[in-house]
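> Let me give you the structure first, and then I'll get to my questions.
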Amino acid sequence: MLGKIIKYDMKDGWRKLGPLYGLTLAMALVLGLSGGFAPSGGLNTLAIIGYTVFATAVAIMTIVYIVSVYRKNLLGDQAHFTLTLPVEISTQIWGKLISSFLWVIISKVFGLLSILVIAAPELNDVKMDVNYKDVMRALKELHIQEQGRIAAILLSAIALAIVGYFVLIITIYAALTIGHLASSHRGLISVAVAFALLVCELIIAVKVIDTVGFTGMRAIEIIIPLLVGAAMFAGLFLLTDYLMRNKLNLE
Numbered sequence: 004m005l006g007k008i009i010k011y012d013m014k015d016g017w018r019k020l021g022p023l024y025g026l027t028l029a030m031a032l033v034l035g036l037s038g039g040f041a042p043s044g045g046l047n048t049l050a051i052i053g054y055t056v057f058a059t060a061v062a063i064m065t066i067v068y069i070v071s072v073y074r075k076n077l078l079g080d081q082a083h084f085t086l087t088l089p090v091e092i093s094t095q096i097w098g099k100l101i102s103s104f105l106w107v108i109i110s111k112v113f114g115l116l117s118i119l120v121i122a123a124p125e126l127n128d129v130k131m132d133v134n135y136k137d138v139m140r141a142l143k144e145l146h147i148q149e150q151g152r153i154a155a156i157l158l159s160a161i162a163l164a165i166v167g168y169f170v171l172i173i174t175i176y177a178a179l180t181i182g183h184l185a186s187s188h189r190g191l192i193s194v195a196v197a198f199a200l201l202v203c204e205l206i207i208a209v210k211v212i213d214t215v216g217f218t219g220m221r222a223i224e225i226i227i228p229l230l231v232g233a234a235m236f237a238g239l240f241l242l243t244d245y246l247m248r249n250k251l252n253l254e
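Next up, the structure:
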């Protein structure tokens, strides 16, 4: 059932965000063909403005979607129907979390792709004096331990980013759920709660970094932040699930 929830949310998100992503790529293509970010004429200036507007809109609308897909389906008009389905509330929350995370990743990929589209004409004119055989030889000459350390750092950075995004999303959902407990000013309370939670998480993150340090040389420098992030996620998830089950009155 989790897969069906994610599939439905992704289709719904694509209907709302897909055209905006397409327009952003189209403006990136126009911008790339008209000279990139160096203003060189009327069309180029318009392309810069258009791309900036659409790229900003993509970032904002992705955040809006993350908020609305949870509030609408689990707290708003569709909550009565959604919560009567033979699906655990925790599964519903997981569905929103995963689909929101996927849209964050998709927005990052589209952002990178649009930059590559803009830069492609310029890169095509740059002569790359690189001998790829020499590069491959240099990589092979790296000590096995050094290769392992580089791979470990990259994988750890990816793991920390994934945990960080999930913590951010569940923070938003927890704040929305807590704000929904109020009888009025729910939006304002949700924003205040989200701000307070994010400040607390930032303080904890700074304390962890100060305690374990970060040189990229020790496993504990990755393991401890991952465990702390996982603990924050678990705590906020359990809080959200508990409030959804026992405290909210959606009538």
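Add 3 to the 1-based position in the sequence shown for our numbering, that's all there is to it.
C-beta: ideal position from N, C-alpha, C; glycine also.
Note that the structure is a prediction, hence the values are computed from the model and not measured.
#1: Measuring straight from C-alpha to C-alpha, what distance separates Ile2 and Gly167?
#2: Look at the alpha carbon of Arg248 and the alpha carbon of Leu242, and state the distance between them as a whole number of angstroms.
#3: Tell me whether the beta-carbon of Leu23 lies closer than 9 angstroms to the beta-carbon of Ala60.
#4: Whose C-beta lies closer than 7 angstroms to the C-beta of Leu5 among residues of the same chain, with five residues either side of it excluded?
#5: Taking Asp12 as part of the alpha helix (DSSP H), name the residues at either end of that continuous run.
#6: Does the Cβ of Asp228 have 16 or more other Cβ atoms within 10 Å, making it buried, or fewer, making it exposed?
#7: Quick check: the Cα distance between Leu20 and Ala234, rounded to an integer number of angstroms?
#8: I need the straight-line Cα distance from Ile156 to Phe113, nearest angstrom please.
#9: Work out the CA separation of Leu26 and Leu246 for me, nearest whole Å.
#10: To the nearest angstrom, how far is the alpha carbon of Glu204 from that of Gly232?
#11: From Ala31 to Ala62, what distance separates their C-alpha atoms?
#12: Compare the Cα-Cα distances from Ile173 to each of Leu200, Leu239, Ala185, Arg189 and report the closest residue.
#13: Counting along the chain, where does the alpha helix (DSSP H) carrying Ser193 start and finish?
#14: Any idea what DSSP makes of Pro89, helix, strand or coil?
#15: Identify which residue in Pro89, Gly79, Glu91 has its Cα closest to the Cα of Gly190.
The answer reads as follows:
#1: One cannot answer for residue 2 here, as it falls past the ends of the chain, which runs 4 to 254.
#2: 10 angstroms
#3: yes
#4: Thr94, Trp97, Gly98
#5: For Asp12, the uninterrupted alpha helix (DSSP H) run begins and ends at 5-36, by DSSP.
#6: Per the sequence shown, residue 228 should be read as Pro rather than Asp. Buried, because 16 or more other Cβ atoms sit within 10 Å of the Cβ of Pro228.
#7: 32 angstroms
#8: 25 angstroms
#9: 40 angstroms
#10: 9 angstroms
#11: 15 angstroms
#12: Leu239
#13: 189-215
#14: coil
#15: When each option's Cα is compared against that of Gly190, the closest is Gly79.
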